[in-house]
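This report concerns only the one structure given below.
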Amino acid sequence: MSLFNLTLKRLFSKKLTSILLILSIGLSSMLLMGVQKIKESAKTSFSQSISGTDLIVGARSGDTQLLLYTVFRQGHPVANMSWDSVRSIQAFSEVAWVVPISLGDSHHGYPVLGTTADYFQHYRYAKKQTLRFHKGDYFRDTFEVVLGSEIAKTLNYQLNDRLFLAHGIAKSNLRLHKDQSFRVVGILKPTGTPVDKTLHIPLQGFTALHTKGGYSSNKPSLHSHNLTPQSVTSCLVGLKSKFSIFSVQNRITSWKSEPLMAIIPGVSLSRLWNSIRTVDTAFLVITILVTLITFIGLLLVLLISLQQSKRELAILRTMGAHPLQLSWLLMLESIFITVSGVIVGIWLVNVLGYILKPILEVKMGLILSFSMISLTELYLALGIIFFGIITSFIPALLAYRKSLSEGFVSI
Amino acid sequence: MANALVQLDNFFLTYQSDNNFSLNINHFSIEPDSRVFIEGPSGCGKTTFLNAITGLIKPNRGNIHILGTDITKLNPVACDQFRADHFGIIFQLFNLIPYLSVIENIILPCTFSKIKKKKALLNSQTLADEARRLCFELNIDDHLLHKPVNQLSIGQQQRVSIARAIIGQPDIIIADEATSALDQERTDQFMTLLLNECQTYNLSLIFVSHNKSLQSSFQQVYSLNHINETELETSHVLV
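Keeping their order, the protein sequence lines are chains G and E.
The first sequence: position 307 = 438 (the working numbering), numbered continuously.
The second sequence: position 71 = 126 (the working numbering), numbered continuously.
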């Protein structure tokens, strides 16, 4: 019988303790890996919320602010930019496309975004993925709306449903634009970005909502009115060549007719992410503490079991086991427990992830990647196992010293 | 001249923590193929003596020759290996590893000694077969063999201990108060079995006990108080 077999038999003889230890290490490694996983997924889905757009242009404010309200629909713009500016930028020779965006209205707390049909062609998220339709198509008429996947799901809207929009952004409908109803013509597929929570209407529709006196969707005379907007909140700009980003940015920043700014989405996104890093670090510190507590528990159990197995170690010693072999026996035991714990932890993370994945996606727009074990997870797993080995040194050393100084234990 | 089984010269051992106890043996030897009984009251150093001759503790001074090898000169690993190869040891109680079956307990010494393993495999095809054979010799019922050892009676446990001590036929069997937990009838049975086995396999036996009534079964009887040349009267009063 090898020492390894002996260790296994020893562990089996105290099933309950072993299982509890494995479980507690499993839970703490699950916590450690889970937090990392959520952080990574959050970072990915955060940084992937917009791509393919070279510049975001808006009235001069802070770049974080512009990013927050244009991409994440959070906060309010300080000022709008004029339609003339939008058209001027569109006329730049370096510019390939411009998609104007108007914000400020809501529907059951979900933001309404006024834009052009180009939006569906040029908006990209994640790795340059385009928006795709689950049902229907993009809007062609003033009082049509395209819904983000989450809105359609939670508010249970179907194609051709009619809905009213409210002025301002609040859950309780403030002031409904009662006379103007919008017909659902398209529902987008889930993207895991704020697009899922957005109602897209044509810019003309947005203007119609805000024109004094009000246009009614029922009035046949609508199209005769000029629905060209005076101003928009911001616009997304795509360039013909990446090389002109900085020159175009400079040109817009030094715009003479009104104060404008242009931001590069990727740069501003990573700046924003860095600013919320502290929360993330706090989480990590807490999970590390939890893991530490688990290992103190492990140490405690190992020490108690060492006390209980004094006799047994003495028997092995008299049979010719060297103190090093006895230390090895104890270390093998805790390595076995730690490794099993980590495996349980990985398993738990994946099972929980599998269960929580759809919930997180719908509720928080967080897309988790559970396809395989990431490098970070591997490092964490190895780290925990390493910690387990370090912990087992203490009882192993005690056993070593004790068995050197003690021979026969006579009762 | 044949090597003595055990030979102590100029031997002195004392514990740092207990200055009142010391074991001082100028010269003592046991001849090969002996069945030796060493008697002494508790506290006189019987266990210390056994620890010393099995190499578990080192004396402060002096030499211990076992079968011609001076074990005080061996490094710790070699010393443990020497013990594994040449000794079979029986304690008084709780001799066995609780989470192993009877068979597993018996073959355990072969884990630590290649010599024992080799000798055991000369007798039987596998180690488990050898354990079974010894159990049969020692009247341990077949149905007990795969039971956890803590389900056995004390008498049965001590018989398993004999099997474990003699597997692979080590040169010296050491019994430390092996019968103190047994009643008179079981003690007699145990002694008969142990001596028979030692006879069968031609093993030397060093039997240590405070129970003088056992000495009738042995050719040679020593009293540790006579071997130990420390002034015992004082240590007795102080211990």
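Heads up, the beta-carbon is just placed ideally off N, CA and C, and yes, glycines get one too.
Owing to the predicted nature of the structure, the values given are computational and were not obtained by experimental measurement.
| query | result |
| --- | --- |
| Cβ pair SER160 of chain G, GLY369 of chain G closer than 8 Å | no |
| Cβ distance (whole Å) where SER225 of chain E is taken to contact GLY110 of chain E below 8 Å | Per the sequence shown, residue 225 of chain E should be read as Pro rather than Ser. Not quite, the Cβ-Cβ distance comes to about 14 Å (not below 8 Å), so this is no contact. |
| Simplified DSSP state of ILE407 of chain G, which is helix, strand or coil | coil |
| Neighbour-count burial assignment, PRO131 of chain E, 16 or more Cβ in a 10 Å radius | exposed |
| Cβ of SER144 of chain G within 8 Å of any chain E Cβ | yes |
| Counted within 10 angstroms of its Cβ, other Cβ atoms place TRP478 of chain G as buried (16 or more) or exposed | exposed |
| Beta-carbon separation (whole angstroms), GLY189 of chain G vs THR201 of chain G, contact threshold 8 Å | 7 Å |
| Buried or exposed (CB count within 10 angstroms, at least 16 for buried), SER355 of chain G | Legend: pLDDT at SER355 of chain G = 48, less than 50; position of this residue unreliable, no value from coordinates given. |
| Cross-chain neighbours of LYS140 of chain G in chain E, by beta carbon under 7 Å | TYR154, LEU155 |
| Simplified DSSP state of GLY100 of chain E, which is helix, strand or coil | coil |
| Test: GLY451 of chain G CB closer than 8 Å to a CB of chain E | yes |
| ILE153 of chain G: contacting residues in chain E (beta-carbon distance under 8 Å) | In chain order: nothing, as chain E lies at least about 18 Å away. |
| Boundaries of the beta strand (DSSP E) in which ILE170 of chain E is found, first to last residue | That residue, ILE170 of chain E, is in no beta strand (DSSP E); its alpha helix (DSSP H) goes 169-178. |
| Close-in-space but distant-in-sequence residues of the same chain around ASP197 of chain E (CB under 6 Å, 5 per side omitted) | none |
| Inter-residue spacing [alpha-carbon to alpha-carbon] between PRO351 of chain G and ASP272 of chain G | Confidence at PRO351 of chain G is low in this model, with a pLDDT of 47, below 50, so its placement is unreliable and the value that follows should be read with caution. Between PRO351 of chain G and ASP272 of chain G, the C-alpha separation is close to 13 Å. |
| Beta-carbon spacing of ARG204 of chain G, PRO242 of chain G below 8 Å | yes |
| For TYR250 of chain G, the three-state DSSP class (helix, strand or coil) | helix |
| GLY369 of chain G - DSSP class collapsed to helix/strand/coil | strand |
| Interfacial residues, the region 438-449 of chain G to chain E, with Cβ spacing under 8 Å | ARG442, GLU443, ILE446, LEU447, ARG448, THR449 |
| Contacts of SER168 of chain E in chain G (Cβ-Cβ under 9 Å) | MET450, GLY451 |
| Cβ neighbours of LYS169 of chain E in the same chain (closer than 7 Å, five flanking residues each side left out) | none |
| Own chain, CB closer than 7 Å to ALA530 of chain G, minus 5 neighbours either side, in chain order | LEU437, LEU444, LEU457, SER458, LEU461 |
| contact_flag[the region 179-188 of chain G, the region 148-163 of chain G] where n(CB pairs < 8 Å) is 3 or more | no |
| Among G:THR522, G:PRO454, G:LEU429, the one whose alpha carbon lies nearest that of ILE150 of chain G | G:LEU429 |
| Sequence-distant residues of the same chain with beta carbon closer than 7 Å to THR469 of chain G, five excluded per side | ILE156, ILE515, ILE516, GLY519 |
| Alpha carbon of ILE126 of chain E to alpha carbon of PHE524 of chain G, nearest angstrom | 30 Å |
| Touching by the beta-carbon criterion (3+ pairs, under 8 Å), the region 133-151 of chain G and the region 176-186 of chain E | no |
| Proximity test, Cβ basis, 8 Å: ILE144 of chain E and chain G | yes |
| Reduced DSSP secondary structure (H/G/I, E/B, other) of THR329 of chain G | coil |
| Three-state class that DSSP yields for GLY240 of chain G in the structure shown | coil |
| Contacting positions in the region 103-123 of chain E - beta carbon closer than 8 Å to chain G | LEU105, ASN106, THR109, LEU111, ILE112 |
| Close-in-space but distant-in-sequence residues of the same chain around SER290 of chain E (CB under 8 Å, 5 per side omitted) | The pLDDT assigned to SER290 of chain E is 42, lower than 50, so where the model puts this residue is not dependable; a value taken from the coordinates is nonetheless given after this. Only ASN75, PHE76, SER77 meet the Cβ criterion. |
| The beta strand (DSSP E) enclosing VAL209 of chain G, as first and last residue numbers | First-last for VAL209 of chain G: undefined, no H or E at that position. |
| MET392 of chain G, enclosing beta strand (DSSP E) - first and last residue | 391-394 |
| Residue range of the alpha helix (DSSP H) that includes LEU134 of chain G | 134-144 |
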